[in-house]
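Asker:
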Ligand SMILES: Cc1cc2nc3c(=O)[nH]c(=O)nc-3n(C[C@H](O)[C@H](O)[C@H](O)COP(=O)(O)OP(=O)(O)OC[C@H]3O[C@@H](n4cnc5c(N)ncnc54)[C@H](O)[C@@H]3O)c2cc1C
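Residue numbers (the numbering used here): -15 to 361.
1) Who are residue 188's beta bridge partners in DSSP?
2) Quick check: the stretch 170 to 183 against the stretch 128 to 135, are there 3 or more CB pairs under 8 angstroms?
3) Tell me which same chain residues have a C-beta within less than 6 angstroms of the C-beta of residue 268, skipping the five on either side of it?
4) Can you give the Cα-Cα distance for residue 65 and residue 237, rounded to whole angstroms?
5) According to the Cβ coordinates, are residue 25 and residue 0 closer than 7 angstroms?
6) For ligand 1, any of its heavy atoms closer than 6 angstroms to the Cβ of residue 77?
7) What do you get for residue -10, buried or exposed, if any count of 16 or more other CB atoms within 10 angstroms of its CB means buried?
8) Mind the definition here: the stretch 341 to 361 touches the stretch 204 to 219 only if three or more C-beta pairs lie below 8 angstroms; say whether that holds.
9) Please determine whether the Cβ atom of residue 34 lies at a distance below 6 angstroms from any heavy atom of ligand 1.
10) Sorry if obvious, but does the Cβ on residue 281 come closer than 6 angstroms to a heavy atom of ligand 1?
11) What are the start and end residues of the beta strand (DSSP E) that includes residue 340?
12) Per DSSP, what kind of secondary structure is residue 159 in: helix, strand or coil?
13) Hey, could you find the ends of the beta strand (DSSP E) residue 362 is sitting in?
14) Could you name the residues of the same chain whose beta carbon sits closer than 8 angstroms to that of residue 126, not counting the 5 residues immediately before and after it, in chain order?
15) Measure the C-alpha to C-alpha separation of residue 227 and residue 84 and round it to an integer number of angstroms.
16) Going by C-alpha distance, which of 195, 249 and 315 is nearest residue 100?
17) Please identify the residue among 191, 144, 201 and 257 whose C-alpha is closest to the C-alpha of residue 93.
18) Rounded to whole angstroms, what is the Cα-Cα separation between residue 353 and residue 322?
19) Report the residue from 183, 233, 102 and 244 whose alpha carbon sits nearest the alpha carbon of residue 293.
20) Identify every run of the alpha helix (DSSP H) within the stretch 21 to 90, keeping only runs that are complete inside it and at least 4 residues long; order them along the chain.
21) Taking 6 angstroms as the cut-off, is the CB of residue 332 close to at least one heavy atom of ligand 1?
22) Which residues in the same chain as residue 118 place their Cβ atom closer than 7 angstroms to its Cβ, once the five residues preceding and following it in sequence are excluded?
23) Report the rounded CA-to-CA distance for residue 215 versus residue 262, giving the unit in angstroms.
24) Along the chain, where does the alpha helix (DSSP H) containing residue 108 start, and where does it finish?
25) Is the Cβ of residue 101 closer than 7 angstroms to any Cβ of chain D?
26) Tell me whether residue 305 sits in a helix, a strand or coil according to DSSP, three-state version.
27) Taking the CB atoms as reference points, tell me whether residue 44 and residue 164 lie closer together than 7 angstroms.
28) Leaving aside the five residues before and after residue 312 along the sequence, list all residues of the same chain whose C-beta is less than 6 angstroms from its C-beta, in chain order.
29) Considering just the uninterrupted stretch of the alpha helix (DSSP H) at residue 287, what are its terminal residues?
30) Compare the C-alpha of residue 71 against each of 193, 219 and 338 and name the closest.
31) According to DSSP, residue 130 sits in a beta bridge with which residue or residues?
32) Let me check you understand the geometry: is the CB of residue 29 closer than 6 angstroms to at least one non-hydrogen atom of ligand 1?
33) Considering only C-alpha positions, which residue in the set 9, 3 and 46 is nearest to residue 28?
34) CA-CA distance, residue 18 and residue 172?
35) Since residue 201 and residue 304 are thought to touch, with beta carbons under 8 angstroms apart, how far apart are those beta carbons, to the nearest angstrom?
Below, the structure written as structure tokens:
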């Protein structure tokens, strides 16, 4: 290394963040706002962020009725409402930092669709009063969820018998949001080095030393891991299970009537109208174990289920072609809440976004940034 390189790109930092997805970028932004003089470098293994942030479906959502009811049953009401509050405030933070144009914000509302099969629909109807009452505390809105069965036929759907509308849900362009965040952190003076994969770290005299696959070594006073599903590669044993989400996109469909973001089957399917093309994701419930992987290939079984869903429910009788297919890797665990903590002195992590990181990252990244600033003081 030349002296020039040592004195610039590889200078010891106040903070090194590993991972430049939403969480790492929001983390850098908050740290700079809390302490403008601190030096920060983000290390990213990909040429661009390569996890979930640029590969999701672009839903700006804080939970469909059946998802919230299922979460309340599995994690308890208090934890479920805490998550909803974090997601809602995170989405609001996105809106305060970025204009609608910058991130293609589309406030067309969201819907959960139901079939006539007994169970979920009745349960959602029974609990809608309670959900709306509690959601008013979070959102200030009187009736967040309301029945919208009358729209089903206008939307051109087949095989759905009921729908619940959420007027506060929206769509956005995740690629543009990442780009806008990258621009903001770089303007704030954060250095981003790509193509560098961190393989491990160890405590050093005044902080932490990082090892990388490229053989480069980095020194920092504080380390923040924002590596979500890929964290077990750096912190073995952490409660994170990688989970692959698969998506497909059709060519433009003439007369595509539905607008907004849509959920079905507790969120196992999600779809939206993207410039008159159908973007559809999910169906991982057909291969639950097989989708617990961090490889980004699509799989035939899931893609076939998605195509079947398109034909049966969204585009009945229409001809269409699939132009794009992709995957992104989410981080699940035995609990749905994120891990936001100091792992050891000077080593912090903000990971396990459980498929909610578009919404969660702004707020949980502020939480970890505040913790790091307090630890340093
Ligand atoms: C198909 C799909 C649909 C989704 N739908 C929604 C939704 O509706 N609403 C919602 O809120 N969220 C949704 N999500 C989840 C959301 O996209 C993620 O929770 C969020 O992007 C996680 O951001 P992150 O920064 O924590 O992780 P990532 O975006 O995964 O970023 C981690 C980064 O770390 C880098 N990295 C990993 N290991 C290393 C290493 N060793 N060294 C250097 N760099 C490393 C990776 O390359 C990556 O860029 C969805 C995700 C998918 C895949």
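All C-beta atoms, glycine included, are put in the ideal place defined by N, C-alpha and C.
Answerer: Reading off the structure:
1) 191
2) no
3) 275
4) 38 angstroms
5) yes
6) no
7) exposed
8) yes
9) yes
10) no
11) Where residue 340 is concerned, there is no enclosing beta strand (DSSP E), given that its DSSP letter is neither H nor E.
12) helix
13) Because residue 362 is not part of the residues shown, which for the chain are -15 to 361, the question remains open.
14) 116 and 120
15) 30 angstroms
16) 249
17) 257
18) 15 angstroms
19) 233
20) 49 to 59, 61 to 81 and 84 to 87
21) no
22) 65
23) 32 angstroms
24) 104 to 123
25) Although the question refers to chain D, the structure presented lacks it and comprises just one protein chain.
26) coil
27) no
28) 36, 39, 40 and 229
29) 284 to 293
30) 338
31) 149
32) yes
33) 3
34) 12 angstroms
35) That pair is no contact at about 51 angstroms.
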